[in-house]
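> For the sequence shown, counting from 1, position 231 maps to 224 in the numbering used here; every step adds exactly one. Beta carbons are placed, not taken as given, at the ideal position from N, Cα and C, and that holds for glycine.
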Amino acid sequence: MDTWRILLSASPLLAILLLIAGLRWNLIRTGLAVWCLTLALAAAAFEAGSATLAVSQAKALLLALDVLPIVWGALLFYSVCSEAGIIRAVGDGLADAVPRKSLRGLLLAWAFASFLQGAGGFGVPVVVTAPLMVASGFSPIHAVVLPFLGHGWAVTFGSLGASFQALMSASGLGCEALAAPSAAVLGILCLLTGFLIGASVAAKGEFLRLSPVILLAGSAMAGMQYFLAASGFWQMASLGGGLVGILVLLAAGRLMRGRDAPAPGKRDSKFLMGLSGYVLLAAIVLCARWIGPLRDALESWQMRFSLPAAATALGHETAAGEVLRIAPLAHPGTLLLYASLAVFLAFSARRWYPPDAAGKILRTTFGRALPASAGILLMTGISTMLSYSGMTARLADGLAATLGAAFPACAPWLGAAGAFLAGSNTNSNLLFAPLQQQVARTIGAEEKILLAAQTAGGAVGSVLSPAKVGVGTAAAGVSLREGDVIRRLLIPAALLLTAASGFAVFLG
């Protein structure tokens, strides 16, 4: 075994760790530097020629083409709703409906944050819920930490499944193989998350009383997510799970309301219209999948992309074949565009937007999409270069030889490290899914289980990302240091990753 080549294969990943965690570079600067390093290593040490490297970057662009429209669409939908003020109105309405503080904490930090992650993501759950929690009497540190913790389980199928789309694109496996195991391990994390948040928000002696409610709500959320994902509606899995959680906790709040407790606040038209915007999004997605003639019409135009075979001088070969098949009119990103336009027209009719709202929405969306897109493109380029040059295979051989049958226990932690460093579960899946697959084949483990553990770990690790924590704390309007938030999240995150490791070991 070429030990020095294995070490060189690991150097791009170690460089990401050094530059982001050590030197505190941002993701784009880090991505550019590591992309150049990977290019140099691939050409010099692994003898990948210009043609092989060109094919690898062509594949990176095609993989990004499958993921980026979802990112752009999710950000556009959030901007459309946020500019009208309906996200805050929905949050206020939910908080008013549950007078008990502990249940209000669970509702906002767990169910509502997960619901927001389902359609928006990218820091939206914390940006929206943290001010609501401060207004509900929670300390600033709890108001930020708990929503970060609460929505982590919903990241993979959140943003209409952007991270899951990345997992499928990077691995080449479809939702039939990956949706059920991914939803299963994330369901376990959902339930554990509820109990962790419950322990934080419960008053003295109240946790036992809350436990049946948490168990019921968590089981409903996890069950709905699994049902939707396993049924092929993975784009709606987090959104549906969060919605069911909201309904269960609202019902629990009504049942547990004391006689002298204040009545829930009046739900004005903006609250109801805000909910209708998300209902409209769900209806568009479901109609595009359920109504046969409509589905066939949307999927009638398909674009297929194939790439030629490539090989290095050292003998590592990548076969030719179809890389991407996409139906542009039925793509999740396009469905988000349909929903954004419909919601904008509906809210414009009620005069909820200022005259220049359309321009501001586009500028806000572009401003947030540009850095996210650049990060995804760079991480995808690094991942495909690692794969085509043979570095992924070398590193997988080294991990398999070193860890052997113990590797499944490490799979979620690797996913978490990737998300922590690269800023998102999407980037982690693009970067590490091929490596997880290669190790699984080498040690004889179930690929789909390790990939499920990969994305579950990436979901947990994404909420620890310094970039995301910085955005959340700044936009939430509270004065906190990112390090304080991350330190509070470390122990809960470690517990969740340990649970994901147990899943991978037991089933892998």
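So the candidates are Met217, Glu169 and Ser95; which of them puts its Cα closest to the Cα of histidine 135?
Ser95
> Can you have a look at proline 485 and say buried or exposed, based on whether 16 or more other CB atoms are within 10 angstroms of its CB?
buried
> Do alanine 67 and leucine 153 have their C-beta atoms within less than 8 Å of each other?
In contact: alanine 67 and leucine 153 (Cβ atoms closer than 8 Å).
> So the alpha helix (DSSP H) valine 194 belongs to, where does it begin and stop?
168 to 194
> Taking just the CA atoms, how far does leucine 58 sit from alanine 159?
10 Å
> Straight-line CA distance for leucine 488 to leucine 242?
24 Å
> Considering Cα atoms alone, identify which of Ala452, Cys168 and Ala102 is closest to leucine 189.
Ala102
> At which residues does the alpha helix (DSSP H) containing isoleucine 79 begin and terminate?
79 to 90 is the extent of the alpha helix (DSSP H) around isoleucine 79.
> Can you check the region 362 to 424 for any alpha helix (DSSP H) of at least 4 residues that lies completely inside it and give the ranges in chain order?
384 to 396 and 400 to 415
> Is glycine 225 helix, strand or coil by DSSP?
coil
> Are the CB atoms of glycine 411 and glycine 454 within a distance shorter than 8 Å?
Yes, they are a contact pair.
> Where in the region 274 to 324 do unbroken runs of the alpha helix (DSSP H), each at least 4 residues long, occur, reported from the N-terminal end onward?
285 to 292
> Could you check whether methionine 378 and leucine 32 sit closer than 8 Å to each other, using their CB atoms as the reference points?
Going by C-beta atoms, leucine 32 is nearer than 8 Å to methionine 378.
> Does DSSP put glycine 495 in a helix, in a strand, or in coil?
In this structure, glycine 495 counts as helix in the three-state DSSP scheme.
> Can you tell me which of Pro62, Leu10 and Val73 puts its alpha carbon nearest to the alpha carbon of threonine 357?
Checking every option, the nearest Cα to that of threonine 357 belongs to Val73.
> Please classify proline 205: is it buried, with 16 or more other beta-carbons within 10 angstroms of its beta-carbon, or exposed?
Exposed.
> Run through DSSP, which three-state label would glycine 454 get?
helix
> CA-CA distance, phenylalanine 150 and glycine 267?
22 Å
> Use the C-beta contact count for tryptophan 146: other C-beta atoms within 10 angstroms, 16 or more gives buried, fewer gives exposed.
With 16 or more other Cβ atoms within 10 Å, it is buried.
> Quick check on DSSP: helix, strand or coil for aspartate 349?
Of the three classes helix, strand and coil, the one that applies to aspartate 349 here is coil, per DSSP.
> At what residues does the alpha helix (DSSP H) containing valine 60 begin and finish?
In the DSSP assignment, valine 60 falls within the alpha helix (DSSP H) that extends over 43 to 76.
> Give me the Cα-Cα distance between arginine 260 and glycine 86, rounded to the nearest whole angstrom.
Annotation note: pLDDT 49 at arginine 260 (below 50); position unreliable, coordinate value reported separately. Computed Cα separation, rounded: 6 Å.
> Give the range of the alpha helix (DSSP H) segment to which serine 95 is assigned.
94 to 99
> Are there 16 or more other CB atoms within 10 angstroms of the CB of tryptophan -3, so buried, or fewer, so exposed?
exposed
> Determine the contact status of arginine 481 and valine 138, defining contact as a CB-CB distance below 8 Å.
yes
> I need the straight-line Cα distance from proline 119 to alanine 37, nearest angstrom please.
Rather than proline, the amino acid found at residue 119 in this sequence is valine. Their Cα atoms are separated by approximately 44 Å.
> Taking the alpha carbon of alanine 3 as the reference point, which residue from Gly191, Gly98, Ser458 and Gly391 has its own alpha carbon closest?
Gly391
> With 16 other CB atoms within 10 Å as the buried threshold, where does aspartate 253 fall?
Reliability fails at aspartate 253, whose pLDDT of 40 lies under 50, so the model's placement of it is uncertain and no value is given.
> Roughly how many whole angstroms lie between the Cα atoms of leucine 12 and cysteine 29?
In a straight line, the C-alpha of leucine 12 is about 14 Å away from that of cysteine 29.
> Locate the alpha helix (DSSP H) running through valine 117, then write down its first and last residues.
117 to 128
> Flag this pair as touching only if the region 204 to 219 and the region 122 to 130 have three or more C-beta atom pairs under 8 Å; answer yes or no.
no
> Taking all protein chains shown into account, do 16 or more other C-beta atoms lie within 10 angstroms of the C-beta of valine 272, making it buried, or fewer, making it exposed?
exposed
> Would you kindly check if the distance between the Cβ of glycine 84 and the Cβ of alanine 306 is under 8 Å?
no
> Considering only their Cβ atoms, is the gap separating glycine 408 from serine 417 smaller than 8 Å?
no
> Less than 8 Å between the CB atoms is what I'm expecting for valine 178 and alanine 446, so what's the real figure, rounded?
Correct: roughly 6 Å between the Cβ atoms.
> Please classify phenylalanine 499 as buried or exposed, where buried requires at least 16 other C-beta atoms within 10 Å of its C-beta.
exposed
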